[in-house]
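A quick write-up on the structure given underneath.
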Amino acid sequence: MEPKDLDVIELDLSARMELAQLYHRLGERFPNYFNWSSETALQEFEKSKTFLVREAARIAAFITFREYDDRLEIMAIGTNPDFFMRGYGSRTLSFLQNFAMRRGLPILLEVHENNQSAVKFYKKNGFQVLGARKSYYSDGGTALVMKYL
């Protein structure tokens, strides 16, 4: 199946632990850019909404965000390493962009300035850099603040 043919669904209780384990797996692979523990991820699920795509009964990709009165803010987006480079990340981001447009809300996010593949991905998908937050990350790195709409 192609990612465009798959349904994006909202995270339910039964998938929370599986997603927390995926957060941990991504953190091991990308420690400078994806550094939430499973516990932090589970806490974030209480405050946020998450959309995900499943393939072969496994989470292929997800996007976790908070909805405020005046914006959506992406907290995390990720693709299961077993499904890299298949369009799942783009599919979940596109779903959130449509979700935001229906509500008339912009989307904001922060991304490590050194994470050039993510910066390129967001720019390709219509995000623009608004500014920067110096020493935002634990490694002293700068966060680029990006906006869609």
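This note's numbering applies: residue 112 is where the sequence shown begins, and numbers increase by one.
Just so you know, even glycine gets a beta-carbon here, dropped at the ideal spot from N, CA and C.
Indicate the three-state DSSP secondary structure (helix, strand or coil) for residue i in the structure shown.
i    : result
A187 : strand
G200 : helix
E113 : Note that E113 scores 48 on pLDDT, short of 50, meaning its location in the model is unreliable; the coordinates nonetheless yield the value given after this. Coil at E113, not helix or strand.
Y247 : coil
F195 : coil
R213 : helix
F206 : helix
Y179 : coil
F173 : strand
N236 : coil
Can you grab the Cα-Cα spacing for the pair residue i / residue j, in whole Å?
i    : j    : result
L216 : R182 : 5 Å
R140 : F195 : 13 Å
V164 : T203 : 7 Å
A152 : A187 : 10 Å
T175 : L260 : 18 Å
E166 : A172 : 9 Å
A131 : S201 : 21 Å
F206 : E129 : 21 Å
L219 : E178 : 10 Å
Y199 : K245 : 31 Å
Round the Cβ separation of residue i and residue j to the nearest angstrom and send it over; I've been treating them as touching at under 8 Å.
i    : j    : result
N226 : Y134 : N226 to Y134, Cβ: 16 Å. No contact.
K160 : E121 : 7 Å
A254 : A243 : 7 Å
Is it true that the CB of residue j sits closer than 8 Å to the CB of residue i?
i    : j    : result
F162 : V119 : yes
R127 : F156 : yes
G252 : E224 : yes
Y233 : M257 : yes
Mind listing, in chain order, the continuous beta strand (DSSP E) runs of no fewer than 3 residues lying wholly within the stretch 123–167? Those beta strand (DSSP E) runs which fall completely within the stretch 123–167 and span 3+ residues are 160–166.
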